[in-house]
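Have a look at the structure below before the remarks.
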Amino acid sequence: MTRSRRSGNALVLVGHGSHLSPDSSAPVYAHAAEIRRRGVFDEVLEVFWKEEPCLRDALDLLESENVWIVPIFLAEGYFTRQVLPRELGLGTDTSRRALQTVHYCPPVGTHPMMADMILRRAREVSGLTADERRESALVVVGHGTDRSASSGDTVYSLVERLRALGEFGHIVCGFLDESPAIGDVVRDVDVERIVLVPFFVAEGWHTRTTIPDELGLQGDLTVEAGRRIWYSPPIGTLDDIADVILSIAAEAGASLRAESPRDPPGPKLLEESPIAEARNEFFQWLGQAGSRGRTFLQVLIRPTAAGRFEVRHLEDADLPLASLTPHRDPPAATPLARSTQSGAFRPLRSAANLARGWVFLDLDATGLWTTLSNLYPAAVLHWHRGRTGDLRTVSYDRWASRQSGIYSGLRDLPSHRLAEMVDACCHEHRCLRSLTWGYSLPVVRGPLDHGAVPCLEPCTLFAAVARDKLVSIGSGQPLAGELAEAYR
């Protein structure tokens, strides 16, 4: 079959994500939903470093010919310059890949509009008048890192821009992981009113715990030693960040359509993309099953009428509809997929702990596809590769050779230790995918059977678990860390 792509435009938002908390990726989902609502791109996709959909699958999940990638990061540094381009398979800022033109944009935090976002947060939390602000201090709290000498440059540039605007009398910055330390900065600010704005993407450990504990903060206003200190929510959770994202894409050449939340025009289909081929084969496979439907990982898909479908948990197959929570909106599948039955965060969508008690009703083909994509991102694409034998498996040693930062030590894992790591992370009661990779060679070379979904390379959860395991082996302590949290 001749393979080409749609002629439309796609936007990819890249977040860091987390194996431990849903909060890290929440703003990325929110901004993507808002941009999707406006209908200015034919496709809008969220991908993550530590969650699913993963970076390696991003471009294969799109049908559009023109792609703009905007990192939802607040600084240029280690991740935006090394990790993200590497995992996305990019070379330059504008790359041509498999009939796609891909524009890799600067991260949101570097855009000039971020100064306005900081001031908006400061005004909202403090309620200070214009005159009071001119006699107060604004402190921008950055993360910083020793992995990139330039990681603080974005914050310093932002501070200079804020000073030029002149709204606050004193404007400084401090960091968690580099100098000047935020505790020292706040201690040395000699004014009675201080407004702290975290230059972070999301609410999380640092904004809720690290910074408040470091500074002795109590809620959004702390009064001590004659000073009043206001502490705002992080900058990345502002709704207006969606406008920043669109400005970045437009400056990189994206032609945005007029906003239209209803029936946005789709891209013209030229020929088949990889994901379109996978979707077509998947629907043929469903059709061959007839009224009994198909099992796919932990869900049962049944036809209910001409061109309509129902999706429910496999273990709820025989339960009456009245006993299940009904859904008809495919985006509702995302929060379901991100939590276990007990409400714990679920970073690995193919783990065998999908919550029960729900059903998606009266889905057309598009609704079914969106629901499945939200429950199991990229799974149908990988299923298709498994059925055709086009696995593109990446062996452990090849995968480890591209790791860096805290995961660079995984390159030194002895081959005899790999089975131990696989047992710790990939055992079938934890992940439902079929392992196809070995230490230096694929362990599966041909087509997979029936509805099997292959695991084509180690995931970032495996990386975290393997690193924890290696640390525990070296220290003689039991394995804790991300493995225990991720599957609780």
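Add 94 to a position in the sequence shown, counting from 1, and you land on the number used in my numbering. Every residue gets a Cβ at the ideal spot worked out from N, C-alpha and C, and that includes glycine.
Extent of the continuous alpha helix (DSSP H) run through residue i
i, result
"Gly-277", "276-282"
"Glu-308", "305-309"
"Arg-492", "490-495"
"Ala-431", "427-431"
"Arg-351", "Where Arg-351 is concerned, there is no enclosing alpha helix (DSSP H), given that its DSSP letter is neither H nor E."
"Ile-212", "208-220"
"Ile-335", "335-345"
"Pro-179", "178-182"
"Ser-251", "247-259"
"Ala-513", "512-519"
Close beta carbons around residue i, own chain, < 7 Å, minus the five adjacent residues each side
i, result
"Pro-420", "Val-453 and Leu-455"
"Gly-401", "Asp-458 and Ala-459"
"Arg-356", "Confidence at Arg-356 is low in this model, with a pLDDT of 41, below 50, so its placement is unreliable and the value that follows should be read with caution. Here the set comprises nothing."
"Ala-120", "Ala-296"
"Gly-238", "Ser-245, Gly-246, Phe-269, Leu-270, Asp-271 and Glu-272"
"Leu-504", "Ala-494, Gln-497, Ala-557, Ala-560 and Arg-561"
Residue interval of the beta strand (DSSP E) (run including residue i)
i, result
"His-407", "402-407"
"Phe-390", "388-390"
"Arg-150", "Premise fails: Arg-150 is in no beta strand (DSSP E) and is neither H nor E."
"Thr-195", "194-198"
"Ile-166", "No beta strand (DSSP E) holds Ile-166; DSSP gives it neither H nor E."
"Asp-456", "452-457"
"Phe-376", "Counting along the chain, Phe-376 falls outside any beta strand (DSSP E), though it belongs to the alpha helix (DSSP H) covering 368-383."
"Gly-268", "264-269"
"Pro-420", "419-421"
"Val-291", "287-292"
"Leu-139", "137-142"
Option in the options with minimal Cα separation from residue i
i, options, result
"Thr-464", "Arg-450, Val-405 and Tyr-490", "Val-405"
"Val-291", "Pro-328, Arg-351, Ser-119 and Ile-276", "Pro-328"
"Ser-349", "Val-134, Ser-101, Ile-212 and Leu-430", "Val-134"
"Ala-169", "His-205, Arg-180 and Asp-210", "His-205"
"His-300", "Arg-130, Asp-271, Arg-321 and Arg-450", "Asp-271"
"Gln-382", "Gln-312, Ile-395, Ala-370 and Leu-391", "Ile-395"
"His-197", "Gly-185, Cys-525 and Met-207", "Gly-185"
"Pro-397", "Leu-391, His-407, Ser-385 and Phe-390", "Ser-385"
"Leu-380", "Val-474, Trp-162 and Asp-337", "Val-474"
"Val-138", "Ala-120, Val-164, Asp-225 and Tyr-325", "Val-164"
"Leu-593", "Gly-451, Gly-387 and Glu-159", "One cannot answer for residue 593 here, as it falls past the ends of the chain, which runs 95 to 582."
"Ser-230", "Val-280, Leu-309 and Ser-244", "Val-280"
"Ser-367", "Phe-439, Gln-194, Asn-468 and Leu-507", "Gln-194"
"Leu-408", "Gln-497, Asp-423, Leu-448 and Met-207", "Leu-448"
"Ala-224", "Ser-534, Gly-263, Gln-378 and Ala-336", "Gly-263"
"Cys-553", "Leu-213, Asp-284, Lys-144 and Ser-417", "Lys-144"
"Glu-128", "Val-516, Ile-339 and Arg-302", "Ile-339"
Helix, strand or coil at residue i [DSSP, three-state]
i, result
"Tyr-172", "helix"
"Val-535", "A small fix is needed here, since residue 535 is Leu in this sequence, not Val. Leu-535: coil per DSSP, three-state reduction."
"Gln-435", "coil"
"Tyr-325", "strand"
"Arg-228", "coil"
"Gly-313", "coil"
"Thr-398", "strand"
"Lys-563", "helix"
"Pro-548", "strand"
"Cys-525", "strand"
"Asn-447", "coil"
"Glu-297", "coil"
"Ala-120", "helix"
"Gly-238", "coil"
"Val-558", "According to the sequence as given, residue 558 is Ala; it is not Val. Three-state DSSP puts Ala-558 in a helix."
Alpha-carbon spacing of residue i relative to residue j, whole angstroms
i, j, result
"Glu-375", "Gly-545", "12 Å"
"Trp-531", "Tyr-490", "7 Å"
"Arg-432", "Val-106", "20 Å"
"Ala-370", "Glu-157", "7 Å"
"Ala-104", "Asn-160", "6 Å"
"Asp-562", "Gln-176", "23 Å"
"Arg-548", "Ala-124", "The identity of residue 548 in the sequence shown is Pro, whereas the question assumes Arg. One C-alpha to the other measures close to 30 Å."
"Leu-526", "Leu-391", "6 Å"
"Tyr-325", "Gln-312", "9 Å"
"Lys-362", "Ser-467", "A caution first: Lys-362 carries a pLDDT of 45, below 50, which makes its placement in the model too unreliable to give a value."
"Pro-201", "Ile-166", "6 Å"
"Gly-171", "Leu-222", "34 Å"
"Leu-155", "Asp-307", "42 Å"
"Ala-411", "Ser-502", "44 Å"
8 Å CB neighbourhood of residue i in its chain, flanking five on each side removed
i, result
"Asp-117", "Ala-296, Glu-297 and Gly-298"
"Arg-486", "Arg-479 and Leu-550"
"Val-253", "Val-234, Ile-265, Val-266 and Cys-267"
"Arg-322", "Glu-286, Arg-287, Ile-288, Leu-315 and Thr-316"
"Pro-572", "Because the pLDDT at Pro-572 is just 45, under 50, the model does not fix this residue reliably, and the value given afterwards should be weighed accordingly. Correct list, in chain order: Ser-566."
"Tyr-533", "Ser-489, Tyr-490, Asp-491, Ser-509 and Leu-512"
Closer than 7 Å: residue i CB and nearest the ligand FMN heavy atom
i, result
"Thr-304", "For the structure depicted, the ligand FMN is absent and the ligand set is empty, with no information on it obtainable."
Test: residue i CB closer than 8 Å to a CB of chain C
i, result
"Glu-170", "The displayed structure is made up of one protein chain only, and chain C is not part of it."
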